[in-house]
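In case it helps, the numbering used here puts the sequence shown at residues 4 to 163. One structure is given below, encoded as structure tokens.
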Amino acid sequence: MTKALEKSVGRALLVTARLHRARMGERLNALGLFPGQEQALKALQPAPMTMGELASLLRVKPPTVSKTIGRLSLQGLVTREGGGRDGRLVQVALTESGHKTAQALDAVWTQVEEELLDRLDGKERKQLRRLLRKAAKGLSKAGVDVDDAEADGDEADSDA
4 MTKALEKSVG
14 RALLVTARLH
24 RARMGERLNA
34 LGLFPGQEQA
44 LKALQPAPMT
54 MGELASLLRV
64 KPPTVSKTIG
74 RLSLQGLVTR
84 EGGGRDGRLV
94 QVALTESGHK
104 TAQALDAVWT
114 QVEEELLDRL
124 DGKERKQLRR
134 LLRKAAKGLS
144 KAGVDVDDAE
154 ADGDEADSDA
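What follows is the structure in structure tokens.
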């Protein structure tokens with residue numbers, strides 16, 4: 004690896020993302036989940052939706068959502084029901100157990116977030132969020148979609 008690559012922001016971001024994913028994986032494993040499944044559970048927490056809506060929200064392809072929902076269904080965390088006029092639309096909803104697991108995910112996310120940001124003060128945390136969103140917008144020019152609604156909320160954020 005070259006010195007330039009070692010010192011690049013992209014490399015630092017990649018290493019941090021891998022460490023975050025590994026730590027989340029450890030915590031999710033304790034709940035019987037794999038990385039990615041938590042996103043589906045949290046997306047379904049407010050209300051049921053179709054598989055297509057879920058795929059769009061998670062920004063993944065429908066087969067990926069189908070596989071994830073299949074696994075969550077086997078664990079008793081979601082239900083799938085055919086709907087629509089032709090029966091092809093599949094509605095996905097959390098079970099009672101799924102709702103409890105989705106609630107538990109808030110604590111998991113908070114714990115890992117605190118580990119990630121432990122060495123940063125409130126001002127640095129806010130600055131990091133702002134800079135990462137700005138960098139993401141730069142990548143969005145290459146076809147990656149960025150949720151501007153989150154970025155707009157930074158001014159109202161507390162220092163935590």
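Glycine residues also receive a C-beta, built at the ideal position from the N, C-alpha and C atoms.
Item: Proximity winner among 103, 8 and 50, relative to residue 164 (alpha-carbon distances); Value: A question about residue 164 goes unanswered here, because the residues of the chain that appear run from 4 up to 163.
Item: Nonlocal neighbours in the same chain, by C-beta distance under 8 Å from residue 115, ignoring five residues either side; Value: 23, 26, 27 and 30
Item: Which residues DSSP lists as bridging residue 84, in chain order; Value: 94
Item: Reduced DSSP secondary structure (H/G/I, E/B, other) of residue 5; Value: coil
Item: Buried or exposed by the 16-neighbour rule on C-beta atoms within 10 Å, applied to residue 71; Value: buried
Item: Residue 40, enclosing alpha helix (DSSP H) - first and last residue; Value: 40 to 47
Item: Whole-Å CB distance - residue 47 paired with residue 81, under 8 Å assumed; Value: 7 Å
Item: Sequence-distant residues of its chain with Cβ nearer than 7 Å to residue 54 (five each side left out); Value: 65, 68, 69, 72, 93 and 95
Item: Extent of the continuous alpha helix (DSSP H) run through residue 110; Value: 99 to 120
Item: N- and C-terminal bounds of the alpha helix (DSSP H) containing residue 65; Value: 65 to 77
Item: Alpha helix (DSSP H) segment containing residue 33, residue limits; Value: 12 to 33
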